[in-house]
Structures are given as C-alpha cells and as structure tokens.
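Asker:
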Amino acid sequence: DAKTTQPPSMDCAEGRAANLPCNHSTISGNEYVYWYRQIHSQGPQYIIHGLKNNETNEMASLIITEDRKSSTLILPHATLRDTAVYYCIGVRRGGGSNYKLTFGKGTLLTVNP
Amino acid sequence: GAVVSQHPSWVICKSGTSVKIECRSLDFQATTMFWYRQFPKQSLMLMATSNEGSKATYEQGVEKDKFLINHASLTLSTLTVTSAHPEDSSFYICSALGGSGQYFGPGTRLTVT
Chain A
91 DAKTTQPPSM
101 DCAEGRAANL
111 PCNHSTISGN
121 EYVYWYRQIH
131 SQGPQYIIHG
141 LKNNETNEMA
151 SLIITEDRKS
161 STLILPHATL
171 RDTAVYYCIG
181 VRRGGGSNYK
191 LTFGKGTLLT
201 VNP
Chain B
3 GAVVSQHPSW
13 VICKSGTSVK
23 IECRSLDFQA
33 TTMFWYRQFP
43 KQSLMLMATS
53 NEGSKATYEQ
63 GVEKDKFLIN
73 HASLTLSTLT
83 VTSAHPEDSS
93 FYICSALGGS
103 GQYFGPGTRL
113 TVT
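In order, the protein sequences belong to chains A and B.
Going letter by letter, the first sequence gives residues 91 to 203 in my numbering.
Going letter by letter, the second sequence gives residues 3 to 115 in my numbering.
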C-alpha cells in the first residue's frame, strides 16, 4: 500500500477554507485515496474518497493531481467542530484486500475562533 | 446509513479478568469487520480482521490467544481480552466493511487496574 505523508499539524481560522495536503507518490494505479478524520476520543469518521477525478460531497472536496502523487482535502468553511486529526490513506479495493486501512500519524487540524 | 455501534463505551476491570467488547453494524450486513487499538497520542493500529463464519486473521505481533475474536453473524463481532493486564489498557475501535469502505464504531476505552 502507498505510503502517505502529511504535515503533522495545521491551523485554520473559523469560517475559512482548510486545505489539507497529502503526498502519496508511490500510490499504485488501483489504489484509492481515502480521507478519514478522528475527533478526540471518538472512532474515525469517513470523509471522502477518490481514484483519479476530483470529488465533492456534503463534507468536503478532494482534489487529486493528474499524476496522482498528491491530493488535497478541502473543508470549504471550517468550523470549530472540524478540529480533528485527518488521515489520508491509500486503499486497495477488491481482490481480497478487504479495503485494509493503514493509519499514519495524520494531520492535526485546529480550527481557531 | 452505515452505523456501527460498540458496547460498552468504557470499561474498568481488574488485572487477570477477561473483558468482552461487542461491535455491531446496525443498518447493514458486514461479512468483514476489523479491530483496532489506539494508545494515547498514537495512531490506530490494526489488530485483526474478523470474517463472518471463519477464523480471524491477526496482524503480526498480536496474540490470538489473548485477543479472542468471534464473528458469529453478519452484524456482530466480539473481541474478548483475556487475562487482561494494565498494559492492555487502551482505546479499542472496531469497523465494519460496507459498500464504500470501512465504517467505524465509537470506540471502547478499556482500563485495567
């Protein structure tokens, strides 16, 4: 599975967009990019995933570079409740992989009032 | 949709006793569930993959005789920590594999005294 690299921490002002980068230069062609977040003392929460195309849902947008070596998760209007550790994970789907997740250290996003 | 529950949410037990943690997928069936452990200020570590009707697959370094996993139905997996010791105190999180990936429970905080 692809090794991902994320900054250990970021700050964002409430109401502004939060842009969280992730490098996954060794990602293989059949690996999806998944984003989860974990608010303190809770289970991880699924945010969004993508393969090649940019994706958007009610929570966030995911921008994947054309060469797929990096991606950016965008929270368009960050709120205090978005303060969490954000994980970018390369996921192999199907073929007995069981969507196995390997969590790195993630990025601690702190949204400030 | 895709709600996963865990019970109990926290438990305190004495050293040497066993503790059972339940993981349920509430609105979908899951042939595959996962068990993770998270120590303070660390990331989630996969302990084992639980497959309905068959033996669990344990990650390297996880003692299968100490962490008993049973996945007897499509909506329930249990993790039993046998002969618990203080070093087993941790945050235990399960997930269930759904249509688009893993959906996580809220976690169980185990404290062994």
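Positions of the beta carbon are idealized from the N, C-alpha and C atoms, including for glycine.
1) Quick check: does the Cβ of Cys25 of chain B come within less than 7 Å of any heavy atom belonging to the ligand HEM?
2) With 8 Å as the threshold, decide whether the Cβ of Gly18 of chain B is near any Cβ in chain A.
3) Kindly identify the DSSP beta-bridge partner or partners of Asn72 of chain B.
4) Let me see if you follow: with CB-CB separation under 8 Å, is Pro203 of chain A close to chain B or not?
5) For Glu156 of chain A, count neighbouring Cβ atoms within 10 angstroms of its own Cβ and tell me buried if that reaches 16, exposed if not.
6) Is DSSP giving Leu170 of chain A helix, strand or coil here?
7) Please list the partners that His139 of chain A has in chain B, where partner means a Cβ-to-Cβ separation under 8 Å.
8) Listing by chain order, which chain B residues have their CB less than 8 Å from the CB of Tyr176 of chain A?
9) Could you tell me the alpha carbon to alpha carbon distance between Gly101 of chain B and Lys159 of chain A, rounded to whole angstroms?
10) Would you say Leu110 of chain A faces chain B, with C-beta separation under 8 Å as the test?
11) Pairs of beta-carbons, one from the segment 39-49 of chain B and one from the segment 9-23 of chain B, closer than 8 Å: are there three or more?
12) Can you tell me where the beta strand (DSSP E) holding Tyr136 of chain A begins and where it ends?
13) For a quick check, are the C-beta atoms of Ile31 of chain A and Lys142 of chain A less than 8 Å apart?
14) By the criterion of Cβ-Cβ separation under 7 Å, what are the contact partners of Pro108 of chain B in chain A?
15) Note down, in chain order, each residue of its chain lying with its Cβ closer than 6 Å to the Cβ of Val5 of chain B, except the 5 sequence neighbours on either side.
16) Contact between the segment 93-111 of chain A and the segment 161-172 of chain A is defined here as three or more beta-carbon pairs at a separation below 8 Å; is this criterion met?
17) With a threshold of 7 Å on Cβ separation, who are the neighbours of Thr173 of chain A within its own chain once the five nearest residues in sequence on each side are excluded?
18) Please report the residue range of the beta strand (DSSP E) in which Lys22 of chain B lies.
Answerer: Taking the structure as given:
1) The ligand HEM is absent from the structure shown, which contains no ligands of any kind.
2) no
3) B:Thr80
4) no
5) Glu156 of chain A should be labelled exposed.
6) helix
7) Ser102, Gly103
8) Near Tyr176 of chain A there are no residues of chain B at all, since even the closest Cβ is about 12 Å away, more than 8 Å.
9) 26 Å
10) no
11) no
12) Taken as a continuous stretch (DSSP letters only), the beta strand (DSSP E) holding Tyr136 of chain A covers 135-140.
13) Residue 31 of chain A is absent from the model: chain A starts at 91 and stops at 203.
14) Gln132, Gly133
15) Leu28, Asp29
16) yes
17) Only Leu199, Thr200, Val201 meet the Cβ criterion.
18) Boundaries of the beta strand (DSSP E) around Lys22 of chain B: 21-27.
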